[in-house]
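Numbering (full-length UniProt numbering), first residue to last: 1 to 299.
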């Protein structure tokens, strides 16, 4: 074959490839396909996550209703990270479960994080009604934790609990968005009553032993527990009920006079409870249940 013929054949081949390297073109095509597939993969993963959230919700709710609060916490582990839909909710539900489980320091940490996420979220991710639910349960956790402290330290913690609850108080603009005003008011009165008892204790110089049931200043206090709110069907159960879990539902301690004789006062309170006496300050239990049973849902 002559040199001229080979040259013409090479020229035709170069014209078909338009002067490009076919191997490089093939590699570039594969890279473009891989890049285009990434958004599709992310959308698929997001769809799977959203689709599984009702199952997480059902699992956490079943654990809460069964009184398995540690199971509730475990069920929410997978939705606490990277949750772009109302991110405060998992922390609110977990904090409420810990509150019911009497793990007050851990409950305070979760509810504080829930309030932070609610405060930094916008629009639909920060519904106005959620603020007072979070604050109510956070105030309860702080007040309950103060029971293990001496009178002076307890007073500071109770004042902090009042500050947390203040935005949902009678003079607050947020009060109109509070769906649980009765429970919030009951919690506020309970904290004020506890402050009076601890102040009386401090004035007497009586450092009560928190482990001694005979000297428990919270004995006979108004029990508050978290209150119910219907959860979004696509979200894990995470709004918190708001009743104060720190007593036996015998009435509002703020309405009781400061006891001068603790033994006599306990006896009077027991007599009142046996007669079914209430002061009307106890928030009605959610879902029509009894106050002793607690809420049927954790939100």
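Cβ atoms here follow ideal geometry from the backbone N, Cα and C, with glycine treated the same way.
Spatial neighbours of residue 119 within its chain, please: C-beta separation below 7 Å, excluding the five flanking residues on both sides.
none
On a CA-only basis, which of 92, 36, 44, 178 is nearest residue 112? Give me that one, please.
92
Inter-residue Cα distance where the pair is residue 139 and residue 41
43 Å
Is there contact here, the segment 50-68 with the segment 25-40, by at least three beta-carbon pairs under 8 Å?
no
With DSSP as the reference, label residue 170 as helix, strand or coil.
Looking at residue 170 - three-state DSSP - the assignment turns out to be coil, as it is neither helix nor strand.
Rounded straight-line distance, which links the Cα of residue 54 to that of residue 48:
11 Å
Helix, strand or coil, according to DSSP, for residue 177 in the structure here?
helix
Excluding the five sequence neighbours on either side, which residues of its own chain have a C-beta within less than 8 Å of the C-beta of residue 158, listed in chain order?
Cβ neighbours of residue 158 beyond the five flanking positions: 142, 143, 146, 191, 194, 195, 198.
Is there contact between the segment 120-139 and the segment 88-102, where contact requires at least three CB pairs shorter than 8 Å?
yes
If you count every other CB in all the chains shown that lies within 10 Å of the CB of residue 84, and 16 or more means buried, which is it?
exposed
Note down the Cα distance separating residue 182 from residue 77, rounded to an integer number of angstroms.
If I take the Cα positions, the gap works out to 32 Å.
According to DSSP, is residue 100 part of a helix, a strand, or is it coil?
helix
CA-to-CA distance, residue 189 to residue 250, given in whole angstroms
Unreliable placement is indicated for residue 250, whose pLDDT of 38 sits below 50; the coordinate value is still reported in the next sentence. Each residue's alpha carbon lies about 13 Å from the other.
Please state if the CB of residue 107 and the CB of residue 69 are separated by a distance shorter than 8 Å.
no
Can you give, in chain order, each stretch of the alpha helix (DSSP H) that sits fully within the segment 21-88 and has at least 4 residues?
Segments of the alpha helix (DSSP H) lying fully in the segment 21-88: 22-65, 69-75.
6 Å Cβ shell around residue 153 - same chain, five flanking residues per side excluded:
none
Can you tell me the Cα-Cα spacing of residue 124 and residue 177, whole angstroms?
Approximately 14 Å, taken between the alpha carbons.
The alpha helix (DSSP H) that contains residue 128, what's its start and end?
128-145
What is the DSSP secondary structure of residue 122, reduced to helix, strand or coil?
coil
Is the beta carbon of residue 72 closer than 8 Å to that of residue 64?
yes
Where does residue 91 fall in DSSP's three states?
Helix at residue 91.
What do you reckon, are the CB atoms on residue 95 and residue 114 nearer than 8 Å?
yes
Please state whether DSSP places residue 150 in a helix, a strand or coil.
Three-state DSSP puts residue 150 in coil, outside helix and strand.
By how many angstroms is the C-alpha of residue 151 removed from the C-alpha of residue 204?
Going from the Cα of residue 204 to the Cα of residue 151 covers about 10 Å.
Quick one: using the 10 Å Cβ neighbour count with 16 as the cut-off for buried, is residue 163 buried or exposed?
exposed
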